[in-house]
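Chemist:
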Amino acid sequence: MNAVFSNKTTIAIFVLPTVVLFCAIVLIPIFVSSYYSLLDWNGIGKGVFIGLDNYVEMFKDPRVLNSIKNSLLFAGASVFIQLPISLLLALVLASSVKGEGFYRTVYFIPVLISTVVIAQLWSKIYNADYGLLNALLESVGLSHLAQDWLGQKNTALAASFVPTLWQYVGYHMLLMYAGAKSISQDIVEAAKMDGASRLRTAFSITIPLMRPILKVCLIFSVIGAFKVFDLIYVLTGGGPLFTTEVPSTLMYSTIFSTYRYGYGSAISVFIILECLICTVLINKWFKTD
Numbered sequence: 001m002n003a004v005f006s007n008k009t010t011i012a013i014f015v016l017p018t019v020v021l022f023c024a025i026v027l028i029p030i031f032v033s034s035y036y037s038l039l040d041w042n043g044i045g046k047g048v049f050i051g052l053d054n055y056v057e058m059f060k061d062p063r064v065l066n067s068i069k070n071s072l073l074f075a076g077a078s079v080f081i082q083l084p085i086s087l088l089l090a091l092v093l094a095s096s097v098k099g100e101g102f103y104r105t106v107y108f109i110p111v112l113i114s115t116v117v118i119a120q121l122w123s124k125i126y127n128a129d130y131g132l133l134n135a136l137l138e139s140v141g142l143s144h145l146a147q148d149w150l151g152q153k154n155t156a157l158a159a160s161f162v163p164t165l166w167q168y169v170g171y172h173m174l175l176m177y178a179g180a181k182s183i184s185q186d187i188v189e190a191a192k193m194d195g196a197s198r199l200r201t202a203f204s205i206t207i208p209l210m211r212p213i214l215k216v217c218l219i220f221s222v223i224g225a226f227k228v229f230d231l232i233y234v235l236t237g238g239g240p241l242f243t244t245e246v247p248s249t250l251m252y253s254t255i256f257s258t259y260r261y262g263y264g265s266a267i268s269v270f271i272i273l274e275c276l277i278c279t280v281l282i283n284k285w286f287k288t289d
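Last residue of the sequence shown: number 289 in UniProt numbering, and the count goes up by one each step with no gaps.
1) Do you know whose CA, among S123, S96, D61, P84, lies nearest S160's CA?
2) Please state whether DSSP places V48 in a helix, a strand or coil.
3) What separation, rounded to the nearest whole angstrom, lies between the Cα atoms of P163 and T9?
4) Need the endpoints of the alpha helix (DSSP H) that Q120 sits in, please.
5) With DSSP collapsed to three states, give me the class of L39.
6) How about V246 and F229: do their beta carbons lie closer than 9 Å?
7) Quick one: is W285 buried, meaning 16 or more other Cβ sit within 10 Å of its Cβ, or exposed?
8) Judging by CA-CA distance, which residue of W149, V117, I118 is the nearest neighbour of D131?
9) On a Cα-Cα basis, can you pick out the residue from A158, N154, L133, K153 that is closest to A146?
10) Which residue's Cα is closest to the Cα of V64: S248, L276, V97, A196?
11) Less than 7 Å between C-beta atoms, sequence neighbours within five positions excluded: which residues of the same chain meet that for E274?
12) Taking the alpha carbon of L214 as the reference point, which residue from A180, F242, D129 has its own alpha carbon closest?
13) Reducing DSSP to helix, strand and coil, say where F226 ends up.
14) Just verifying my parser: in three-state terms, what is the DSSP assignment at Q152?
15) Report the option in L235, G239, L91 whose CA atom is closest to the CA atom of S182.
16) Should S95 and R198 be called a contact, given that it needs their Cβ atoms to be closer than 9 Å?
What follows is the structure, given as structure tokens:
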């Protein structure tokens, strides 16, 4: 077996299908979108080359700037709300609590459900007429708080984030749980013998040793927030009055509603660059910290 995998031709044969697939579904679409972003094109016939005009217009467009702001708010909420909750759950479960396996399964179940299904579920929960949330508020005497959660500008974005929080807390929790469990118990026991409390052990030993996993979770969380589409599209479609619009939903409406393929492609390229730059910065931060 070692002789087989030491043969460069054999390795190339095994790797080639993956490389071809990656080029077909990732690299080529990126290059094509980059080319389209330089055109004024409605999807029919031949586009007119306009250089970087789409990008110049993009950064002057209030809707684009608003969508970027919303995606940054999503990313911030993911980093400062979702990940700490996941970390707390992971540390609690890793401490060998009773029913550990059961809780792991329960927390991970939402990850297995389609985002579209989750969006439909939460749209029913938020419904102003028969939604579970308003019914619950009314049942405990807080009917004055009942409202159209997805139809109000001051609540729509926060309400849209809650399903993401509910769906992916378990995903990050499981990654962090695996990281916590991989830490040698000898180190933890030595800290206990030195008189370290659980809190001190967590912050001085467990969390620092989980840095590789925390980096992965941070990257996934930020990129997921930047490219979120299906949840927002099903829940609000970017409304009300573009309050929940993010770059991906704006890109979709630009291409398929106004038929500005070049401008929409410029937005898609921006999303790719945004994700790439953030990934590089996070990697650099974890290396230098």
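Each residue gets a CB set at the ideal place from its N, CA and C atoms; glycine is no exception. All values reported here derive from a predicted model rather than from experimental measurement.
Modeler: Taking the coordinates as given:
1) For the purposes of this step, residue 160 is identified with residue 160 of the sequence shown, where counting begins at 1. The option with the nearest alpha carbon to S160 is S123.
2) By one-based count along the sequence shown, residue 48 stands at place 48. V48: strand per DSSP, three-state reduction.
3) On the sequence shown, residue 163 is found 163 positions in, with the first residue counted as 1. On the sequence shown, residue 9 is found 9 positions in, with the first residue counted as 1. Roughly 48 Å between the two C-alpha positions.
4) By 1-based counting over the sequence shown, the position of residue 120 is 120. It spans 115-126 - the alpha helix (DSSP H) in which Q120 sits, taken as one unbroken run.
5) One-based indexing of the sequence shown puts residue 39 at position 39. Of the three classes helix, strand and coil, the one that applies to L39 here is strand, per DSSP.
6) Along the sequence shown, read from residue 1 onward, the residue named residue 246 stands at position 246. Along the sequence shown, read from residue 1 onward, the residue named residue 229 stands at position 229. In terms of Cβ geometry, V246 and F229 form a close pair [threshold 9 Å].
7) Locating residue 285 in the sequence shown gives position 285, where the first residue counts as 1. Under this definition W285 is an exposed residue.
8) Taking the sequence shown and counting its residues from 1, the one referred to as residue 131 is at position 131. Note on residue identity: the sequence assigns Gly, not Asp, to residue 131. For the residues W149, V117, I118, the minimum Cα distance to G131 belongs to W149.
9) Taking the first residue of the sequence shown as position 1, residue 146 is located at position 146. For A146, the closest of A158, N154, L133, K153 by C-alpha to C-alpha distance is L133.
10) Stepping through the sequence shown from its first residue, residue 64 is reached at position 64. With distances taken between CA atoms, V64 lies nearest to S248 out of S248, L276, V97, A196.
11) Numbered from 1 along the sequence shown, position 274 holds the residue referred to as residue 274. Contacts found: F226.
12) Residue numbering aside, residue 214 sits at position 214 when the sequence shown is read from its first letter. It is A180.
13) Position 226 of the sequence shown, counting from 1, holds the residue named residue 226. Looking at F226 - three-state DSSP - the assignment turns out to be helix.
14) Taking the first residue of the sequence shown as 1, we reach residue 152 at position 152. The three-state reading of DSSP puts Q152 in coil, since its state is none of H, G, I, E or B.
15) As a first step, residue 182 is located in the sequence shown; it is residue number 182 there, counting from the start. Nearest of L235, G239, L91 to S182, Cα basis: L91.
16) Your numbering for residue 95 matches position 95 in the sequence shown. Your numbering for residue 198 matches position 198 in the sequence shown. Yes; because the gap between Cβ atoms is below 9 Å, this pair is in contact.
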